[in-house]
Ligand SMILES: Nc1ncnc2c1ncn2[C@@H]1O[C@H](COP(=O)(O)OP(=O)(O)OP(=O)(O)O)[C@@H](O)[C@H]1O
Ligand SMILES: [Mg+2]
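Protein chains in written order, with my numbering: chain B, 14 to 316; chain A, 177 to 439.
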């Protein structure tokens with residue numbers, strides 16, 4: 014199937030900084046595609062180029078098979094965007110925010126009101142419909158941002174950190190809602206810093222850093238290939254443990270206060286370690302996307 | 177910087193206007209009070225307190241009371257303030273703090289339409305003020321009809337001009353506090369020296385020449401000419417000045433805002 018979104022060798026520099034340095038990716042219809050990366054990796058810049066907010070330096074962008082330069086208006090009518098920063102109308106109520114936004118898409122008032130009601134209910138906001146947005150908590154604003162991104166019945170939604178700042182309850186709710194939307198055939202491009210979220214929602218993903226794609230693929234397959242099945246974590250390692258691991262001829266990541274051993278099957282080693290050397294501070298857990306993310310992008314802080 | 181092409185604009189521009197109108201409507205009762213009360217204050221202060229000291233004077237062979245002289249100027253000043261403050265402080269808040277333009281750019285609207293919608297809205301605020309103040313001043317019998325019926329048209333023209341001027345400031349200032357500068361150096365002197373509270377002829381020769389460059393001078397002249405039916409050929413010059421300046425400043429304001437926001 015032809016991709017719904019095709020990014021080819023996309024570039025954008027701010028002075029000497031290459032914010033986006035040649036990103037290519039394709040989102041297939043009906044899939045949830047993750048765009049992951051540390052702070053400043055270029056995710057938001059990439060997304061902003063997708064709706065013409067930031068002009069690109071080079072590369073090509075196609076949505077629904079249409080070139081963005083010649084079909085921007087048409088494309089924007091068919092996508093929904095939830096920006097990283099809240100851009101709601103603080104003077105208006107939740108309902109007015111949605112109905113008002115529908116006007117920009119030339120949706121008739123009747124349809125807009127009905128759609129707004131559906132979305133308020135879908136995101137469990139109906140009890141707050143007439144409240145002023147100014148008084149909403151951050152989590153509710155985020156939910157309303159998402160509802161607003163769906164007001165035009167888009168075929169593709171682009172979500173820039175939709176769950177940042179949400180409590181676990183709201184996050185669970187949004188995950189369910191996004192899964193439900195996906196089932197209805199909606200394509201999703203998602204950025205997030207929650208690896209659990211990406212693992213759970215994304216069919217495929219890329220990890221970017223310094224404006225470049227580091228890896229692309231299906232989350233489980235990537236973890237399996239790059240990390241293995243299990244991770245053995247050892248807190249406060251002593252020389253004895255280091256010696257043991259060296260003797261086993263096992264590669265491990267040394268974080269000084271913590272050792273990480275990536276294994277394809279850690280059961281046997283874990284038993285041996287806890288029985289013969291030391292039990293406390295040793296945990297065996299399944300490898301996760303977070304392990305892969307940290308391995309690829311390093312552990313130093315950004316920006 | 178690119179000059180905006182006419183093909184960039186569609187009827188959606190009015191949706192932006194409508195958004196601002198919706199927000200305005202929520203507080204219309206409060207918004208209506210200043211333009212209704214302000215002229216009353218001025219008339220009390222100037223008409224009762226000051227006019228007795230000034231006395232009547234002659235303009236183009238007609239004897240005018242001081243209150244009649246300043247009444248049209250109040251309307252012109254209100255157009256300037258309403259339009260200029262809308263596209264400076266209010267537009268800046270929408271652009272910078274509320275990210276409204278960011279939100280609108282995710283819809284089929286483009287930035288040129290958004291800015292033009294803002295300008296039209298600011299001009300509309302000048303128009304609303306003109307209608308309300310015009311009503312009050314007419315109740316005091318200070319305007320002549322049918323001449324004063326031209327005021328709404330002048331309000332739209334002057335409103336667009338000062339809206340564009342404000343938007344240019346918005347495109348150039350780094351922070352919202354910086355608006356103090358154009359207000360202190362431009363708007364306040366204009367408020368005082370544009371033939372608003374005394375005839376320009378009272379100024380020294382060189383200052384009269386400078387005053388001829390001030391846009392408010394021409395808006396005051398036009399509003400006074402129409403509201404008092406003091407027709408002179410010089411009014412055509414004022415109209416030409418404002419029309420040409422508006423035709424240049426509106427696209428310039430849009431171009432500068434596009435440059436500021438899209439980088
Ligand atoms: N308008 C701008 N002017 C200058 N530099 C910018 C601008 N916008 C972004 N940058 C820089 O480009 C880089 C990429 O920023 P971007 O916002 O795309 O990162 P991100 O991946 O979205 O990060 P985060 O996870 O923190 O949201 C950063 O170093 C940022 O400082
Ligand atoms: Mg970002």
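All C-beta atoms, glycine included, are put in the ideal place defined by N, C-alpha and C. What you are looking at is a predicted structure, and each value in this text was computed from that prediction instead of being measured.
If you measure from the CB of residue 275(A), is any heavy atom of ligand 1 nearer than 7 Å?
In the second chain, the residue the question calls residue 275(A) occupies position 99. Every heavy atom of ligand 1 is 7 Å or more from the Cβ of residue 275(A), so no.
Thinking residue 38(B) and residue 226(B) are a contact (beta carbons under 8 Å), I'd like their distance in whole angstroms, please.
Within the first chain, residue 38(B) is the residue found at index 25, counting from 1. Within the first chain, residue 226(B) is the residue found at index 213, counting from 1. Residue 38(B) to residue 226(B), Cβ: 7 Å. Contact.
Would you mind giving the Cβ-Cβ distance between residue 212(B) and residue 301(B), rounded to the nearest angstrom? I have them listed as a contact below 8 Å.
Indexing the first chain from 1 puts residue 212(B) at position 199. Indexing the first chain from 1 puts residue 301(B) at position 288. Contact between residue 212(B) and residue 301(B) holds, with the beta-carbon distance rounding to 7 Å and staying under 8 Å.
Do three or more CB pairs link the stretch 96 to 103 of chain B to the stretch 39 to 51 of chain B at distances below 8 Å?
Too few Cβ pairs lie closer than 8 Å, so no.
Return no unless some Cβ of chain B is closer than 8 Å to the Cβ of residue 199(A).
On the second chain, residue 199(A) is found 23 positions in, with the first residue counted as 1. Chain B has a Cβ within less than 8 Å of the Cβ of residue 199(A).
So, at 8 Å on beta carbons, what are the nonlocal neighbours of residue 244(B) in its own chain, with the 5 sequence-adjacent residues on each side left out?
As a working note, residue 244(B) is residue 231 in the first chain. Closer than 8 Å at Cβ, skipping near neighbours: 273, 274, 275, 276, 279, 297, 298, 299, 300, 301, 304.
Any beta carbon from chain B within less than 8 Å of residue 188(A)'s own beta carbon?
Taking the second chain and counting its residues from 1, one reaches residue 188(A) at position 12. With 8 Å as the cut-off, residue 188(A) counts as an interface residue toward chain B.
Just to confirm, is the Cβ distance from residue 337(A) to residue 416(A) under 8 Å?
Numbered from its first residue, the second chain carries residue 337(A) at position 161. Numbered from its first residue, the second chain carries residue 416(A) at position 240. Going by C-beta atoms, residue 337(A) is not nearer than 8 Å to residue 416(A).
Say the cut is 7 Å; is the CB of residue 302(B) nearer than that to a heavy atom of ligand 1?
Within the first chain, residue 302(B) is the residue found at index 289, counting from 1. No, ligand 1 has no heavy atom inside 7 Å of this Cβ.
Exposed or buried, residue 215(A), counting other C-beta atoms within 10 Å across all chains shown (16 or more means buried)?
Here residue 215(A) refers to the residue found at position 39 when the second chain is read from its first residue. With 16 or more other Cβ atoms within 10 Å, it is buried.
Among the residues of its own chain, which have a CB less than 6 Å from the CB of residue 250(A), if the five just before and after it don't count?
The residue given as residue 250(A) occupies position 74 in the second chain. Taken in chain order, the residues that qualify are 215, 218.
Sorry if obvious, but does the Cβ on residue 57(B) come closer than 7 Å to a heavy atom of ligand 2?
In the first chain, residue 57(B) corresponds to position 44, counting from 1. Checking the Cβ of residue 57(B) against ligand 2 gives yes.
In chain order, what residues of the stretch 272 to 286 of chain A put their CB closer than 7 Å to some CB of chain B?
274, 275, 276, 278, 279, 280, 281, 282, 283, 284, 285
In or out: residue 196(A) buried (at least 16 other Cβ within 10 Å) or exposed?
For the purposes of this step, residue 196(A) is taken as residue 20 along the second chain, with counting starting at 1. Under the 10 Å beta carbon count, residue 196(A) is surrounded by 16 or more other beta carbons and is classified as buried.
Could I get the ranges of all uninterrupted alpha helix (DSSP H) runs contained in the stretch 254 to 331 of chain A, with 4 residues as the minimum, in chain order?
276 to 281, 287 to 315
Helix, strand or coil: how does DSSP classify residue 102(B) here?
In the first chain, residue 102(B) corresponds to position 89, counting from 1. Reduced to three states, the DSSP call for residue 102(B) is coil.
Using alpha carbons as the reference points, say which of 52(B), 25(B), 190(B), 146(B) lies closest to residue 61(B).
To locate residue 61(B), count along the first chain from 1; it is residue 48. Ranking the options by Cα distance to residue 61(B), first place goes to 25(B).
By alpha-carbon positions, which one of 266(B), 15(B), 287(B), 283(B) ends up nearest to residue 307(B)?
As a first step, residue 307(B) must be located in the first chain, where it is residue number 294. Residue 266(B) is the option with its Cα nearest to residue 307(B).
Return the residue from the list 438(A), 213(A), 344(A) that minimises the CA-CA distance to residue 429(A).
Looking up residue 429(A) in the second chain gives position 253. Residue 429(A) has its Cα closest to that of 344(A), out of 438(A), 213(A), 344(A).
Is there at least one non-hydrogen atom of ligand 1 closer than 7 Å to the beta-carbon of residue 52(B)?
If you number the first chain from 1, residue 52(B) lands on position 39. Yes, Cβ of residue 52(B) sits closer than 7 Å to a heavy atom of ligand 1.
Verify the CB distance criterion: does residue 167(B) have a CB-CB separation below 8 Å to chain A?
If you number the first chain from 1, residue 167(B) lands on position 154. Chain A contact via Cβ: absent.
If you draw a straight line from the alpha carbon of residue 246(B) to that of residue 210(B), how long is it in whole angstroms?
For the purposes of this step, residue 246(B) is taken as residue 233 along the first chain, with counting starting at 1. For the purposes of this step, residue 210(B) is taken as residue 197 along the first chain, with counting starting at 1. Their Cα atoms are separated by approximately 22 Å.
Compute the Euclidean distance between the alpha carbons of residue 269(B) and residue 309(B), then round it to the nearest angstrom.
For the purposes of this step, residue 269(B) is identified with residue 256 of the first chain, where counting begins at 1. For the purposes of this step, residue 309(B) is identified with residue 296 of the first chain, where counting begins at 1. If you take the alpha carbons of residue 269(B) and residue 309(B), they lie about 19 Å apart.
CB-CB under 8 Å to residue 184(A), same chain, minus the five flanking residues each way: which ones, in chain order?
Within the second chain, numbered from 1, the residue matching residue 184(A) stands at position 8. Excluding positions up to five away in sequence, the list reads 286, 288, 289.
Am I right that residue 163(B) and residue 93(B) are in contact with their C-beta atoms under 8 Å? What's the rounded C-beta distance?
Within the first chain, residue 163(B) is the residue found at index 150, counting from 1. Within the first chain, residue 93(B) is the residue found at index 80, counting from 1. Correct: roughly 5 Å between the Cβ atoms.
In the DSSP assignment, the beta strand (DSSP E) including residue 21(B) goes from what residue to what residue?
In the first chain, residue 21(B) corresponds to position 8, counting from 1. Following the DSSP letters along the chain, one finds residue 21(B) inside the beta strand (DSSP E) bounded by residues 18 to 27.
Residue 68(B) touches chain A at which residues, Cβ-Cβ below 7 Å?
In the first chain, residue 68(B) corresponds to position 55, counting from 1. Chain A residues near residue 68(B): 438.
Which residues, in order along the stretch 96 to 125 of chain B, keep a beta-carbon less than 9 Å from a beta-carbon of chain A?
96, 98, 99, 100, 101, 102, 103, 104, 105, 109, 113, 114, 116, 117, 118, 119
Residues bridged to residue 92(B) by DSSP?
One-based indexing of the first chain puts residue 92(B) at position 79. For residue 92(B), which the question treats as bridged, DSSP gives the partners 169(B).
Quick check: residue 88(B) and residue 107(B), are their CB atoms within less than 8 Å of each other?
Position 75 of the first chain, counting from 1, holds the residue named residue 88(B). Position 94 of the first chain, counting from 1, holds the residue named residue 107(B). No, Cβ-Cβ distance for residue 88(B) and residue 107(B) is not below 8 Å.
So, with DSSP's three-state summary, where would you put residue 42(B)?
Working through the first chain from its first residue, we reach residue 42(B) at position 29. Residue 42(B) sits in coil when the DSSP states are folded into three classes, being neither helix nor strand.
Use the C-beta contact count for residue 356(A): other C-beta atoms within 10 angstroms, 16 or more gives buried, fewer gives exposed.
Residue 356(A) sits at position 180 when you count from the first residue of the second chain. Classification for residue 356(A): exposed.
I'd like the span of the beta strand (DSSP E) that includes residue 267(B), first residue to last.
Taking the first chain and counting its residues from 1, one reaches residue 267(B) at position 254. That run of the beta strand (DSSP E) goes 265 to 267.
Write down every uninterrupted run of the beta strand (DSSP E) in the stretch 221 to 255 of chain B whose length is 3 residues or greater and which is fully enclosed by it, in chain order.
DSSP runs (the beta strand (DSSP E)) wholly in the stretch 221 to 255 of chain B: 225 to 230, 243 to 248.
Helix, strand or coil for residue 34(B) per DSSP?
If you number the first chain from 1, residue 34(B) lands on position 21. Strand, per DSSP.
In its own chain, which residues sit with a C-beta less than 7 Å from the C-beta of residue 147(B), not counting the 5 before and 5 after it?
Your numbering for residue 147(B) matches position 134 in the first chain. Contacts found: 103.
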